[in-house]
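J.: Protein chains in written order, with the UniProt record's numbering: chain A, 1 to 120; chain B, 1 to 120.
Quick one: this structure, given as structure tokens, is what I'll be asking you about.
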DNA sequence: CAGGATCCCTTAGGATACTG
DNA sequence: CAGTATCCTAAGGGATCCTG
């Protein structure tokens, strides 16, 4: 599968986590599913403004394979599929929180000087 | 510049943080510099087994531009350059810690069943 | 509605050779 | 030693069309 996770031998935890999170929309999908608990395909598409059907499907499938997302199919017509986070998805979201905070701070001070506390 | 950070408008903190961390070796560089405090180019290369000179330079330059890494050049011969983390680099490392822990746990249970606590 | 299939473009990543 | 320059491949991402 194209774009699937490596699942290869990892050097460290960051490595393994990044492997699972890398992908243009995965962070947002996590965010969306965490905020709404349950979302349908079309709802997610609207939430992730600009994502193509292919990419959304692909990311969703990878995240499902990685055990982050649960996919519930209702055998109805018209078809209905609901996505939600698994417990792993939720713990990942929590682990991501500090990083999100760091990023937010970074956005705040965008443009200000960059400190240097290197060797000095 | 190829592979440079977007620095574009970010949707959320995760987005901004991921932008700065994405890159095959950045996590490891952060790790190396955090562990050793100061590293020379060749030392980093050895630490990051398999990285090419080009990629190491490229990543280092991007991280420098992002204010994560400090580059100290000693005008000697033979040339000597020392890399270290800035305070931003160190806080990023701290923000990354929970994610690293999550990834480590994930590696541990590799192969075990993937829980499903979705809609149920 | 949800998504599979296909084609195409852009980007990340890497090998190698050369230089201050 | 610490890069820079160049070339190449692989993977990520996306548009569009088609189907259960």
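Glycine residues also receive a C-beta, built at the ideal position from the N, C-alpha and C atoms.
What you are looking at is a predicted structure, and each value in this text was computed from that prediction instead of being measured.
Enumerated in chain order, which unbroken segments of the alpha helix (DSSP H) with a length of 4 residues or greater are wholly contained in the region 72–117 of chain B?
T.: Fully enclosed alpha helix (DSSP H) runs of 4 or longer: 87–108.
J.: Quickly, what does DSSP pair residue 45(B) with across the bridge? List them, please.
T.: DSSP lists no partner for residue 45(B).
J.: Let's test the definition: count the other Cβ atoms within 10 Å of the Cβ of residue 106(A) and tell me whether it reaches 16, buried, or not, exposed.
T.: buried
J.: Taking contact to mean at least 3 C-beta pairs separated by less than 8 Å, is the region 70–86 of chain B in contact with the region 38–45 of chain B?
T.: yes
J.: Of all the residues that make up the region 29–62 of chain A, which are near chain B by a beta-carbon distance shorter than 7 Å?
T.: Listed in sequence order: 31, 38.
J.: On the CB-based measure, 16 or more other CB atoms within 10 Å of its CB, does residue 13(B) come out buried or exposed?
T.: buried
J.: Could you tell me if residue 49(A) is buried or exposed, where buried requires 16 or more neighbouring beta carbons within 10 angstroms of its beta carbon?
T.: exposed
J.: Quick one: residues in its chain with C-beta nearer than 8 Å to the C-beta of residue 90(B), no 5 flanking neighbours on either side, listed in chain order?
T.: Once the five neighbours on either side are set aside, the close Cβ partners of residue 90(B) are 34.
J.: Taking DSSP as the reference, what is the three-state secondary structure of residue 51(A)?
T.: Coil at residue 51(A), not helix or strand.
J.: Which residues in chain A have a C-beta closer than 7 Å to the C-beta of residue 98(B)? List them in chain order.
T.: 95, 98
J.: Starting from residue 31(B), trace the alpha helix (DSSP H) in both directions and tell me its first and last residue.
T.: 26–36
J.: Quick check on residue 103(A) - is its C-beta less than 8 Å from some C-beta in chain B?
T.: yes
J.: Within 8 Å, do at least three Cβ pairs link the region 94–103 of chain B to the region 13–23 of chain A?
T.: Using a C-beta cut-off of 8 Å, the region 13–23 of chain A makes contact with the region 94–103 of chain B, since at least three inter-stretch Cβ pairs fall below that distance.
J.: Buried or exposed: residue 77(A), going by 16 or more other Cβ atoms within 10 Å of its Cβ?
T.: exposed
J.: May I ask which residues mark the beginning and end of the alpha helix (DSSP H) holding residue 19(B)?
T.: 13–21
J.: Excluding sequence positions up to five away, which residues of its chain have a Cβ less than 6 Å from the Cβ of residue 30(A)?
T.: Cβ-Cβ distances below 6 Å link residue 30(A) to 93 in the same chain, with the five nearest sequence neighbours on each side left out; the list follows chain order.
J.: Within 8 Å (strictly less), CB to CB, does residue 106(B) reach chain A?
T.: yes
J.: Could you tell me how far apart the beta carbons of residue 68(B) and residue 56(B) are, in whole angstroms, since I believe they sit closer than 8 Å?
T.: With a Cβ gap of about 15 Å, residue 68(B) and residue 56(B) do not count as contacting.
J.: In chain A, which residues lie with their C-beta within 7 Å of the C-beta of residue 27(B)?
T.: 14, 15, 18
J.: Is the Cβ of residue 74(A) closer than 8 Å to any Cβ of chain B?
T.: no
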